[in-house]
Structures are given as structure tokens and as C-alpha cells.
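What follows is a short report on a single structure.
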Amino acid sequence: MVQAYKLTKEIEKQIRKDFEFLKEKSEVEAVLVYGSWAKGEATTKSDIDICIVAPRLKTPKEFANLLLEIWGRIDSNKYDVRIFEELPLYIKIDVIKTHKVIFCKKGIPELSYYFYKYRKIWQDQSLHWIDKKD
């Protein structure tokens, strides 16, 4: 059986330190952990999935510039960094359901409100899915 690792306070503290520089970026609203570490399913081979919430970025160039800056300042072997607004909807929903907050500038209620529109889109789309009966 493979041992699963959980996101400890020590690991959260290190992530917070590694991404501290993003607090100064006006376009960044929040930094979240998602994926296996957030779910308590990480293994020794798991990287740490980081989601950057940056709703004010609009163009591919703006997204790319932010990612280039981040990748230039972090250990890319340790972290897999994605921007929330660029993720496919099904991954956005996974982030929304399972994330752990590293920091959030406007507070959790504002972040939840921002996520509401994506939850609503997901819910509306699910009305059109066909359940496959075997």
C-alpha cells in the first residue's frame, strides 16, 4: 500500500513563504493548493499543485508573463503552478471543491462569491448530461 501524505502546517508555511512575493502583485487575489496534497492523497512522487486566482488578467500575454515570473522564482520540480482562469471547467470545479487557501487578499467570502459563477455554469451544464446506464 502506498503511503499518502497530508498538507501539514509546516508544508503550508513553506508554500506561503515560497509564494509570498505574489501578495505584492495587484492582479493576484489568492493562492490555493489543490490536487493530491489538498485531498490528503499525495505520495513521495507528488508535486504540489498551486492555483493562482487572478481575475483581472485578461490576455494570454498577461497570463504568460505572470507564469514566467512565478516559474523564475520557485522550484518547478516541487510545484505545478496554474492560473485558475485558464483551467478547464472540470479542473476549476475540482479546485473549488478541494482547495486549501494559502492566502486570499479579500477574504474567503469574496473568493467563494467569485467561485459561484463557475459552480453555476457547472451545475447548468450538468442538466444536459446524459447518464449512461449499462
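Residue numbering for the sequence shown follows my numbering, beginning at 920 and increasing consecutively. Ideal Cβ positions, reconstructed from N, Cα and C, are used throughout, including at glycine. Keep in mind it's a predicted model, so treat the numbers as computed, not measured.
Buried or exposed: which applies to residue i, given that a residue is buried once 16 or more other Cβ atoms fall within 10 Å of its Cβ?
| i | result |
| --- | --- |
| GLU988 | exposed |
| TRP990 | exposed |
| PHE940 | exposed |
| SER995 | exposed |
Of the residues the options, which one's Cα is nearest the Cα of residue i?
| i | options | result |
| --- | --- | --- |
| ILE1012 | TYR953, ASP937 and TYR924 | TYR953 |
| ILE934 | GLU948, ILE1027, ILE993 and ASP1043 | ILE993 |
| ALA923 | GLU946, LEU1006, ALA961 and GLU948 | ALA961 |
| ILE1010 | PHE1034, LYS997 and GLU1029 | PHE1034 |
| LEU1006 | LYS936, GLN1042, LYS997 and PRO979 | PRO979 |
Compute the beta-carbon to beta-carbon distance between residue i and residue j, rounded to the nearest angstrom, for a pair I have assumed lies under 8 Å.
| i | j | result |
| --- | --- | --- |
| GLU1004 | ALA957 | Between ALA957 and GLU1004 the Cβ distance is about 19 Å, and since that is not below 8 Å, they are no contact. |
| ILE1040 | LEU1008 | 7 Å |
| LYS1024 | GLU931 | Not quite, the Cβ-Cβ distance comes to about 17 Å (not below 8 Å), so this is no contact. |
| ILE861 | ARG1001 | Only positions 920 to 1053 of the chain appear in this structure, which leaves residue 861 out of reach. |
If we ignore side chains and look at the alpha-carbon of each, how far apart do residue i and residue j end up?
| i | j | result |
| --- | --- | --- |
| ILE969 | PHE938 | 10 Å |
| PHE1022 | LYS944 | 13 Å |
| SER1031 | LYS964 | 31 Å |
| LYS925 | ALA983 | 30 Å |
| LEU951 | ILE1027 | 11 Å |
Please go through the same chain and pick out, in chain order, the residues whose beta-carbon is closer than 8 Å to the beta-carbon of residue i, but skip the five residues on each side of it.
| i | result |
| --- | --- |
| THR1017 | TYR953, GLY954, ALA957 and LYS958 |
| LEU985 | LYS944, GLU946, VAL947, ILE971, ALA973, LEU976 and ILE1002 |
Here's a check: name, in chain order, each residue in its chain whose Cβ is nearer than 6 Å to the Cβ of residue i, leaving out the five neighbours to either side.
| i | result |
| --- | --- |
| ASP999 | ASP966 and ASP968 |
| GLU981 | none |
If I measure Cβ to Cβ from residue i and keep anything under 7 Å in the same chain, skipping five residues before and after, which residues do I get?
| i | result |
| --- | --- |
| ARG975 | GLU946 |
| LYS928 | none |
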